[in-house]
Each structure stands twice: as C-alpha cells, then as structure tokens.
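So our numbering is basically just the index in the sequence shown, starting at one, shifted up by 96.
Each residue gets a CB set at the ideal place from its N, CA and C atoms; glycine is no exception.
The structure appears right after this line, and notes come after that.
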Amino acid sequence: MMKKDDYQSALKPMQKELVGMARWARTTGQRIVVLFEGRDTAGKGGAIKAVHDRLNPRQCRIVALAKPTDAERSQWYFQRYVHHLPCAGEIALFDRSWYNRAGVEKVMGYADDREVAQFLRQAPTFEKMLVDDGILLFKYWLATDQEKQEERLRERLEDPLKRWKLSPIDLAARDKYDAYTEAREAMLAATHTAWAPWTLVDFNDQKRGRLTLVRDLLDRLPDTAVAPPEIDFPELGREPKEERYTVIAPIADYPLG
Numbered sequence: 097m098m099k100k101d102d103y104q105s106a107l108k109p110m111q112k113e114l115v116g117m118a119r120w121a122r123t124t125g126q127r128i129v130v131l132f133e134g135r136d137t138a139g140k141g142g143a144i145k146a147v148h149d150r151l152n153p154r155q156c157r158i159v160a161l162a163k164p165t166d167a168e169r170s171q172w173y174f175q176r177y178v179h180h181l182p183c184a185g186e187i188a189l190f191d192r193s194w195y196n197r198a199g200v201e202k203v204m205g206y207a208d209d210r211e212v213a214q215f216l217r218q219a220p221t222f223e224k225m226l227v228d229d230g231i232l233l234f235k236y237w238l239a240t241d242q243e244k245q246e247e248r249l250r251e252r253l254e255d256p257l258k259r260w261k262l263s264p265i266d267l268a269a270r271d272k273y274d275a276y277t278e279a280r281e282a283m284l285a286a287t288h289t290a291w292a293p294w295t296l297v298d299f300n301d302q303k304r305g306r307l308t309l310v311r312d313l314l315d316r317l318p319d320t321a322v323a324p325p326e327i328d329f330p331e332l333g334r335e336p337k338e339e340r341y342t343v344i345a346p347i348a349d350y351p352l353g
C-alpha cells in the first residue's frame, strides 16, 4: 500500500492543477459534474476530498443526498438530482448519484424490476441532454475486492471516529457482493456511452486510487491554463496593530506539553 508521505507528495502538484481547473471554470462559465460511485467502503469520501479539499466550497459543491422523501418519491426519478446540477462556473461532486437506482435500490429491493429497467433506458438520454447543454460529465466507479471491503468494515466497527460510517445497509451488503457485481455490470452495459462513458478505478489501495482518479480527471479536461488575476497588494504603510478587546476577551489558549 502507498505510504502517506508519497501520496501527499504526488497529490500536491495535482491539487495546484485542480485550483487552476476551478479558476478556468469560473473564467469560462464551464459547468463540471463528477459522479463518484462504487461499493460501500470503496473510498468515495476520500476521493471526493482529494478533489474538493483545496477548492472554494462556494464554487465546488459536494452533493450527498439522503433517502428520498415521500414527495420526492412521487416525482420523476431524476428530478431531485437536477436541482443540484451546477450553474455557470460551478463544480458539483456527487457522492453517489442517480445511479443509486441501478445499484443499492436494485440490490436491496427498494426499486422493482420495472423501475430499474426504466432507469437504465432513461439514464443515457438524461445524460445526453446534460452533455449537449455543455456540462462536462465524468462518471467514476471505485472498485474494491471483498477482502478489502471486510477489512474496512471491521475498521469502521472498531474505530469510534469511523463508527458513524457503518450502517445496516453496509452490513447487509456483505452477503450481496455478487448481486452488486451483477447490478454494476448491467448498469455499465446500459449506460457506458460515447457521450458519458464510465471510468473504473482500482481502489484496493485507496491512496493510489485517488491519485489515479484525479490524474485521469485532469487529463480529460481541455486546456485549463488561465493566469490568476493580478491583485494590487500595496504596503500597509504603518506598523501592524495588535487585536484589542473591550467587551469580551478570548478564552485561554490550548495548553501545550
């Protein structure tokens, strides 16, 4: 597995490129959508953080929707996702997406065969409309073997800082590894299109997987070289002032040592 220092060293120059990408999107008004899909524990959150971490959160949004409400269940399936598509100059990173229907909803029985089949017919058309309207759409599937999945589930169980990530659905998915494989293959067969292709990334080593994904994303963008705007930053012209408090003072510093 890749060491943390090696990972950070490789990621840093890519993050500079991501900042440049965001500046280019803001300058040109380009809209970017990136979907992060994959098995539970594959590493979607870490991959999204690698892309999002150094960007302006007002420009680059993470979309992680909860289960649909009763009202949303009565809507056209794609409707609640449309609301979160980016405006000019924005980037939307979907932590799971409309592909829930072809994955967890299908495998766990939340959607019936008719609903899944309808989704698989409609998704390519929906995505063609997005791309034809000028959105840059990237779809990533994060892959991991069941041995790694078991290791990460156990880590979530035993680490109090990660326990919140462990849900009943995660545990139920342990016995449905093959069913998820079959659902994914059916999804890829129906929705891997020329205008919105899927990219599969090996996330058995999550650090290497993040680097692979970020590098692929950057390489598939057009030339994003846009110089940062010039900012006039004159000298202060006086000695810097210390902070003053007349009503309430800061609390005591955190003790060191």
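- Scanning Asn300, Arg122, Phe174, Leu257 for the CA closest to the CA of Met97 turns up Asn300.
- Val178 counts as exposed, since fewer than 16 other beta carbons sit within 10 angstroms of its beta carbon.
- If only uninterrupted beta strand (DSSP E) runs of at least 3 residues are considered, those enclosed by the stretch 151–201 are 156–159, 187–191.
- Residue pairing by DSSP places Thr295 opposite Tyr236 in a beta bridge.
- Annotation: Leu131 to Val147 spans about 12 Å, alpha carbon to alpha carbon.
- Ranked by how close their Cα comes to the Cα of Asp271, the residues Ala143, Tyr206, Gly305, Gln242 have Gln242 in first place.
- Contact fails between the stretch 161–175 and the stretch 119–137, because fewer than three Cβ pairs, one in each stretch, are under 8 Å apart.
- The Cβ atoms of Leu249 and Thr137 sit closer than 9 Å to each other.
- For the options Asp191, Lys108, Pro109, Met117, the alpha carbon positioned closest to that of Gly142 is the one of Asp191.
- Proximity to Val159 across Gln171, Ala121, Ile144 peaks at Ile144, based on C-alpha coordinates.
- Excluding five sequence positions before and after Pro220, the CB atoms of its chain that fall closer than 6 Å to its own CB belong to Thr287, Thr289, given in chain order.
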